[in-house]
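Enquirer:
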Amino acid sequence: MINRNLIRIRVVQLVYAWYQNTNKDLRNAEKELLFGLQKSYDLYYFLLLLMVELTDSYQNRVETKRNKFLPTEEDLHPNTHLTENRFIMQLRENRQFQKQLAERPMSWEIHEAFIKNLLDTVLSSDTYKEYAEIASPTYEDDQEFWRKIFRQYIYLNEELDDILEDECIYWNDDVEIVQTFVMKTIKRFSSENGDNQPLLPMFKDKEDKEYALKLLHNSILDEKEYRELIEKHTEKWDFDRIAFMDLVIMQVALSEIFTFDSIPTNVSLNEYIEIAKSYSTPKSGTFINGILDAIVQEIKKEKRIFKN
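Residue 138 is where the sequence shown starts when you use our numbering, and the numbers rise one by one after that.
So, in structure tokens, the structure goes:
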């Protein structure tokens, strides 16, 4: 689940922090990198848990109305599609989900008001009304309902973003990416898998974890080589006035270009230009593109790298 885009962002942030910190310890930087990536993975489960919490909130609301002193006919016979949603029942019993929550407990309890308001929004939506009108929902209906609800009311929800930012400082940069993984997970669920339905692993494979650590190591340890290349190609600029984040982004980009033969240079260039657009100045993307492209042309000509 932790894709290389998230890894690149984390490494850029850590290398930037490295130069702000007087106590430079590479082992601590490694631990911080892996800790930050673990928190990104926690967010994946926290968002899966949100759907279960919304269902539980609805169930509590149903029970409260049913136990009123003078319940209405609707109170006594509510629509049970949500409480009997087979996708949520399967998610709740998922072994990987239960194991993760046991090992790394998390809760939406302190965000009760948000859960209540979000549930109100869901219940008043056309998506819910259409779902409630289905006489006997199939598993696919149950699954599609939550896919739509997540996409329409949870994905890019500004109030949710504020909550997640307060909940964990690491989640501010991860929210949009992790939310797309949750939607993919909903789509991949199959009733046939029962409680063994695979959820996304933290890393796709061993190579991605190794990529993260190696990118961090080489960005820091080979600083002198990368900074000399950058300085050489920014001769017409006042090097000391170049945005420090731009220098860091180019340094990490060069680490990737030099270190990983399997990653095409144009992929590396595009990814770090996008990071610059989000994390540095408005003109940084264009500036970094020009400098890195010139460096890549030179090192290819000098046969210091042998990839496209």
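We put the CB at the ideal spot given by N, CA and C, even for glycine.
Please read all numbers here as calculations on a predicted model, not as lab measurements.
1. Using a 10 Å radius around the Cβ and a threshold of 16 neighbouring Cβ atoms, would you call histidine 248 buried or exposed?
2. Nearest to tyrosine 348 by alpha carbon, out of Gly422, Gln157 and Leu174?
3. Hey, would you say phenylalanine 326 sits closer than 8 angstroms to phenylalanine 424, going by beta carbons?
4. Give me the residue from Lys321, Gln280 and Lys253 with the minimum Cα distance to threonine 264.
5. DSSP three-state label for tryptophan 283, please.
6. Going by Cα to Cα distance, which pick from Lys202, Glu246 and Leu184 is closest to phenylalanine 318?
7. Pop quiz: asparagine 216 and threonine 192 are said to be a contact at Cβ under 8 angstroms. What is the actual Cβ separation, rounded to whole angstroms?
8. So, are the CB atoms of isoleucine 412 and isoleucine 386 less than 8 angstroms apart?
9. Between which residues of its own chain and phenylalanine 381 is the CB-CB distance below 7 angstroms, once the five residues before and five after are set aside?
10. Let's see if you can read the secondary structure: which residues bound the alpha helix (DSSP H) around glutamate 347?
11. Please report the residue range of the alpha helix (DSSP H) in which arginine 223 lies.
12. Please report how far the alpha carbon of asparagine 426 lies from the alpha carbon of threonine 159, in whole angstroms.
Expert: In this structure, then:
1. Numbered from 1 along the sequence shown, position 111 holds the residue referred to as residue 248. Answer is buried; the Cβ neighbour count reaches 16.
2. The count along the sequence shown starts at 1 and reaches residue 348 at position 211. Shortest Cα-Cα distance from tyrosine 348 to any of Gly422, Gln157 and Leu174 involves Leu174.
3. Position 189 of the sequence shown, counting from 1, holds the residue named residue 326. Position 287 of the sequence shown, counting from 1, holds the residue named residue 424. 8 angstroms or more divides the Cβ of phenylalanine 326 from the Cβ of phenylalanine 424.
4. Sequence index remark: in the sequence shown, residue 264 carries index 127 (1-based). Per the Cα distances, Gln280.
5. Translated into the one-based positions of the sequence shown, residue 283 becomes position 146. Three-state DSSP puts tryptophan 283 in a helix.
6. Looking up residue 318 in the sequence shown gives position 181. Cα-wise, what sits closest to phenylalanine 318 is Leu184.
7. Numbered from its first residue, the sequence shown carries residue 216 at position 79. Numbered from its first residue, the sequence shown carries residue 192 at position 55. That pair is no contact at about 13 angstroms.
8. Your numbering for residue 412 matches position 275 in the sequence shown. Your numbering for residue 386 matches position 249 in the sequence shown. Taking the C-beta atoms as reference points, isoleucine 386 is found nearer than 8 angstroms to isoleucine 412.
9. Indexing the sequence shown from 1 puts residue 381 at position 244. Once the five neighbours on either side are set aside, phenylalanine 381 has no close Cβ partner at all.
10. One-based indexing of the sequence shown puts residue 347 at position 210. Where glutamate 347 is concerned, the enclosing alpha helix (DSSP H) stretches over 343-358.
11. Residue mapping note: residue 223 aligns to position 86 of the sequence shown, counting from 1. For arginine 223, the enclosing alpha helix (DSSP H) begins and ends at 223-230.
12. For this step, residue 426 is matched to residue 289 along the sequence shown. For this step, residue 159 is matched to residue 22 along the sequence shown. Roughly 31 angstroms separates the two Cα atoms.
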